[in-house]
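A.B. asks: To start, I am sharing the structure in question, which I have written as structure tokens.
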Amino acid sequence: MYPRLFALCCVVAGLFPAPGRAAPPLSVAPLQTEFVYEAIVTIDQPVEVGATPHGQRRYIPITGGTFEGTKIRGTILPGGADWQTSRPDGVTEVDALYSMRADDGTVIIVRNGGVITAGGAYMRTAPRFEAPAGPHAWLNEAQFVGSVSGGPRPGTVIIRVFRVL
């Protein structure tokens, strides 16, 4: 009884086509992004963990840095790390966890995961933010993408973050 009722509700709501009818074509608009900030992050030497069942593991301590964008700026707090797994296929998975302090004193937690291809030609991430209620709560309410590249000095990387519109 309930599965039929659910299916009927879905047909009425337009979620699924009625039996014998084709679903309307989906229209997918291209994604657009909006620049959020650029960070220059200082890092320490990698710490090799070793071979694990998932691949070669290491972590890179995050020692500080700065970030600046159109709506937010501040410092990268020391104490975070970028945990990396180099897979047998040559791709490295990154999983960074660190904190930023905005100029107004708000501490924001960042979890930034992504992939780096062999040789570093492709380095993309999907950062997630945890910000307290207040002027930076908008970071909790959107999807973000990022790029990573070498920094202006040894021991630095540049992270550019964009909000998906």
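In this note's numbering, the protein residues as written are 6 to 170.
Glycine is no exception: its CB is placed at the ideal position from the N, C-alpha and C atoms.
(1) Tell me which residue opens and which closes the beta strand (DSSP E) that Gln89 is part of.
(2) What do you reckon, are the CB atoms on Gly160 and Ile81 nearer than 9 angstroms?
(3) Run the CB neighbour count on Thr130, radius 10 Å, all protein chains shown included, and call it buried at 16 or more, exposed below.
(4) Rounded to the nearest angstrom, what separates Gly55 and Arg26 at their Cα positions?
(5) From the DSSP output, in three-state form, read off Leu102 for me.
(6) Just the Cα atoms here: how many angstroms apart are Thr111 and Gly74?
(7) Roughly how many angstroms lie between the CA atoms of Ala101 and Val153, to the nearest whole one?
(8) How would you label Leu13, buried or exposed, when you count the other beta carbons within 10 angstroms and need 16 or more for buried?
(9) Assign Tyr103 to buried or exposed, taking buried as 16 or more other Cβ atoms, counted over all protein chains shown, within 10 Å of its Cβ.
C.D. replies: If we stick to the structure as given:
(1) Residue mapping note: residue 89 aligns to position 84 of the sequence shown, counting from 1. Counting along the chain, the beta strand (DSSP E) containing Gln89 begins and ends at 85-91.
(2) Residue mapping note: residue 160 aligns to position 155 of the sequence shown, counting from 1. Residue mapping note: residue 81 aligns to position 76 of the sequence shown, counting from 1. No, these two residues do not count as a Cβ contact at 9 angstroms.
(3) For the purposes of this step, residue 130 is identified with residue 125 of the sequence shown, where counting begins at 1. Buried is the call here.
(4) Here residue 55 corresponds to residue number 50 of the sequence shown, with the count starting at 1. Here residue 26 corresponds to residue number 21 of the sequence shown, with the count starting at 1. One C-alpha to the other measures close to 56 angstroms.
(5) For this step, residue 102 is matched to residue 97 along the sequence shown. Residue state, collapsed to three classes: strand.
(6) Residue mapping note: residue 111 aligns to position 106 of the sequence shown, counting from 1. Residue mapping note: residue 74 aligns to position 69 of the sequence shown, counting from 1. Approximately 15 angstroms, taken between the alpha carbons.
(7) On the sequence shown, position 96 is the one that residue 101 refers to. On the sequence shown, position 148 is the one that residue 153 refers to. Going from the Cα of Ala101 to the Cα of Val153 covers about 12 angstroms.
(8) For the purposes of this step, residue 13 is taken as the residue at position 8 of the sequence shown. Caution applies to Leu13, whose pLDDT of 48 falls short of 50 and renders its modelled position unreliable; the value that the coordinates give is listed next. Looking at its Cβ environment, which holds fewer than 16 other Cβ atoms inside 10 Å, Leu13 is exposed.
(9) Here residue 103 refers to the residue found at position 98 when the sequence shown is read from its first residue. Buried: at least 16 other Cβ atoms inside 10 Å.
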